[in-house]
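**Q**
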Amino acid sequence: MTPELSDRHLLANLDALARIGAIDGGGCARLALSDEDRQGRDLVVGWMKELGLDVRIDAIGNVIGVRAGREDLPPVMTGSHIDTVRTGGRYDGNYGVLAGLEVVRALNAAKVVTRRPLAVAFFTNEEGARFQPDMMGSLVYAGGLGLNEAYAAADKDGLAVGDELRRIGYLGATKPGALRPHAFVELHIEQGPILDEEKVRIGVVESVQGISWTEYTVTGVSNHAGTTPMRLRRDAGYLAASVNLFARKLAWEMGGDQVATVGALVLRPNLINVVPNRAVFTVDLRNTDEAKLQEAEARVAAHIAEVAASERVAVESKVLARFEPVIFDPGLVDRVERHARALSLSTRRMPSGAGHDAQMMQRLCPTAMIFVPSVEGLSHNVKEHTEPADLVAGAQVLLNLIVELAEG
Ligand code: GLV
Ligand code: MN
Ligand code: MN
Numbered sequence: 002m003t004p005e006l007s008d009r010h011l012l013a014n015l016d017a018l019a020r021i022g023a024i025d026g027g028g029c030a031r032l033a034l035s036d037e038d039r040q041g042r043d044l045v046v047g048w049m050k051e052l053g054l055d056v057r058i059d060a061i062g063n064v065i066g067v068r069a070g071r072e073d074l075p076p077v078m079t080g081s082h083i084d085t086v087r088t089g090g091r092y093d094g095n096y097g098v099l100a101g102l103e104v105v106r107a108l109n110a111a112k113v114v115t116r117r118p119l120a121v122a123f124f125t126n127e128e129g130a131r132f133q134p135d136m137m138g139s140l141v142y143a144g145g146l147g148l149n150e151a152y153a154a155a156d157k158d159g160l161a162v163g164d165e166l167r168r169i170g171y172l173g174a175t176k177p178g179a180l181r182p183h184a185f186v187e188l189h190i191e192q193g194p195i196l197d198e199e200k201v202r203i204g205v206v207e208s209v210q211g212i213s214w215t216e217y218t219v220t221g222v223s224n225h226a227g228t229t230p231m232r233l234r235r236d237a238g239y240l241a242a243s244v245n246l247f248a249r250k251l252a253w254e255m256g257g258d259q260v261a262t263v264g265a266l267v268l269r270p271n272l273i274n275v276v277p278n279r280a281v282f283t284v285d286l287r288n289t290d291e292a293k294l295q296e297a298e299a300r301v302a303a304h305i306a307e308v309a310a311s312e313r314v315a316v317e318s319k320v321l322a323r324f325e326p327v328i329f330d331p332g333l334v335d336r337v338e339r340h341a342r343a344l345s346l347s348t349r350r351m352p353s354g355a356g357h358d359a360q361m362m363q364r365l366c367p368t369a370m371i372f373v374p375s376v377e378g379l380s381h382n383v384k385e386h387t388e389p390a391d392l393v394a395g396a397q398v399l400l401n402l403i404v405e406l407a408e409g
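See below:
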């Protein structure tokens, strides 16, 4: 008999963690490796220790709490991240980590020792809002990025991951990936509208779409806004605006899962009466189909080349992150569905629109994800919300699945 998960600590701990880096509207700003991230880490590590977990910190700052099993086998791992974007909600990532702790609490209370060890992890810099690429900690863990390359990634102020890890006290000693899981399951809010619109309780995640992040730096010529005829302009801001419009039209035209976002844009000198001589902007393209994602990338690049030539501006590009779509382990995906249905929860199979640590862990071991609804599909927004009953339902599915995997 699998123990029942209680909501008491889950909801209280989500509240307590959300108080660190709290921002107006109920959200959180805990950018990776910031002081707020350190405080959040300290709080969660304290909870891990209270639950009796053996806490290990690796060289990229991933934190893994291990609960011994009856046998010394590869563990069943769950987890997510506790860093947030600057305007983040309180559930993205945090929910999966804290639900993992509730799995441990329920097993402790029922005095159940599983055959395999269990591990609850939170990975460094999943968001990629401060340092790129995103999913950095899990990518290093899975062997997809070297430590030195990760350490060198710098934020907008030139502060590097390696130095910031050391500064906040989370440059650990263990080798990332040393603990190779038997299976990995990540519980997460959907962050999109589908489950909420369709009134489905559990999303059975089959895949994660491919992600392409590029930063463009455009150099034009500053000049007087009143005196410079349109034919003589070399306007860096014009190219940025044109790409934003083009990307929107392209996504509509390609249809399917294609999405496109210009999320960051800085103009220089950013004055009302000066033609901008510099624009730095980002393009985020995603698709579940790798060939279509490549098509979108090629079409954006062609548009940029065309406008750059006609406007006589120079463009440099830098790939900040590029991950192909990931298909989760079909057997594990079936198990997610079976456990949700056994709890009489409605289910729906779906891809993930957001990036997740699970997509990196699939490189190491059979991996799957469980989604719960996001009210009105809001995420990366302070108003991100999931109903408590859904939070508890998702955590119970996680608990039941983990117990089954840990006995297998
Ligand atoms: C990470 O949260 C992403 O999908 O951008
Ligand atoms: Mn997340
Ligand atoms: Mn996120």
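Residue numbers for the sequence shown follow the numbering used here, so the first one is 2 and each next one is one higher.
Backbone N, C-alpha and C fix where the C-beta goes; we use that ideal spot for every residue, glycine too.
Taking all protein chains shown into account, do 16 or more other C-beta atoms lie within 10 angstroms of the C-beta of Glu325, making it buried, or fewer, making it exposed?
**A** Label assigned to Glu325: exposed.
**Q** Please state whether DSSP places Glu216 in a helix, a strand or coil.
**A** strand
**Q** If you draw a straight line from the alpha carbon of Gln192 to that of Leu160, how long is it in whole angstroms?
**A** 30 Å
**Q** Going by DSSP, what residues sit across from Ser35 in a beta bridge?
**A** In DSSP, Ser35 forms no bridge with anything.
**Q** Are the CB atoms of Gly66 and Arg116 within a distance shorter than 7 Å?
**A** no
**Q** Let me check you understand the geometry: is the CB of Ala355 closer than 6 Å to at least one non-hydrogen atom of ligand 1?
**A** Placement of the Cβ of Ala355 at a distance of less than 6 Å from at least one heavy atom of ligand 1 is found.
**Q** I'd like to confirm something about Glu128: is its beta-carbon nearer than 6 Å to some heavy atom of ligand 3, or not?
**A** yes
**Q** Should Asp135 be counted as a contact of ligand 1 given a C-beta to heavy atom distance under 6 Å?
**A** Asp135: yes, Cβ under 6 Å from ligand 1.
**Q** Check each candidate in Asp158, Gln133 and Ala143 and name the one with the smallest Cα separation from Ala151.
**A** Gln133
**Q** Which residues in the same chain have their Cβ closer than 6 Å to the Cβ of Asp38, if we skip the five residues on either side of it in sequence?
**A** Arg31 and Asp84
**Q** In chain order, what are the residue ranges of uninterrupted beta strand (DSSP E) at least 3 long that sit wholly in the region 92-157?
**A** 119-123
**Q** Decide yes or no for the touch test of the region 336-348 against the region 376-388: beta carbon pairs closer than 8 Å, at least 3 of them.
**A** no
**Q** As a quick exercise: from Leu11, Ala17, Ala33 and Ala100, pick the residue whose alpha carbon is nearest that of Leu399.
**A** Looking only at Leu11, Ala17, Ala33 and Ala100, the smallest Cα-Cα distance to Leu399 is reached by Ala100.
**Q** Nearest to Gly27 by CA position, among Arg57, Ala184, Phe185 and Gly89, is which residue?
**A** Distances from the CA of Gly27 to each of Arg57, Ala184, Phe185 and Gly89 were compared; the closest alpha carbon is that of Gly89.
**Q** Counting C-beta neighbours from all protein chains within 10 Å, is the total for Gly354 16 or more, i.e. buried, or is it exposed?
**A** buried
**Q** For Lys319, which beta-bridge partners are listed by DSSP?
**A** Glu216
**Q** So, helix, strand or coil for Ile65, using DSSP?
**A** strand
**Q** Taking three-plus beta-carbon pairs below 8 Å as touching, is the region 184-200 in contact with the region 91-107?
**A** yes
**Q** Just verifying my parser: in three-state terms, what is the DSSP assignment at Gly70?
**A** coil
**Q** Note down the Cα distance separating Leu146 from Gly264, rounded to an integer number of angstroms.
**A** 25 Å
**Q** When we look at the beta-carbon of Arg336 and count the other beta-carbons within 10 Å, is it buried (16 or more) or exposed?
**A** buried
**Q** Give the secondary structure of His225 by DSSP, where H, G and I count as helix, E and B as strand, and everything else as coil.
**A** strand
**Q** Starting from Pro352, trace the alpha helix (DSSP H) both ways and give me its first and last residue.
**A** Taken as a continuous stretch (DSSP letters only), Pro352 belongs to no alpha helix (DSSP H), being part of the beta strand (DSSP E) at Thr348 to Ser353.
**Q** Any idea if Met231 is buried or exposed, counting beta-carbon neighbours within 10 angstroms, 16 or more meaning buried?
**A** exposed
**Q** Based on Cα-Cα distance, which residue from Thr218, Leu119, Leu140 and Arg323 lies nearest to Asn126?
**A** Leu140
**Q** Rounded C-beta distance between Ile305 and Leu240? I'm assuming under 8 Å.
**A** 7 Å
**Q** Ignore the nearest five residues each way along the sequence and tell me which others in Arg249's own chain have a CB closer than 7 Å to its CB.
**A** The beta carbon of Arg249 sits closer than 7 Å to the beta carbons of Ala261 from its chain, once the five residues preceding and following it are set aside; these are given in chain order.
**Q** Would you mind working out which of Val219, Thr368 and Cys29 sits nearest Ser426, comparing C-alpha positions?
**A** As displayed, the chain neither begins before 2 nor continues past 409, which places residue 426 out of reach and without an answer.
**Q** Identify, in the order they occur along the chain, each residue of the same chain with its Cβ nearer than 7 Å to the Cβ of Asp391, setting aside the five sequence neighbours on each side.
**A** Taken in chain order, the residues that qualify are Arg202, Val373 and Pro374.
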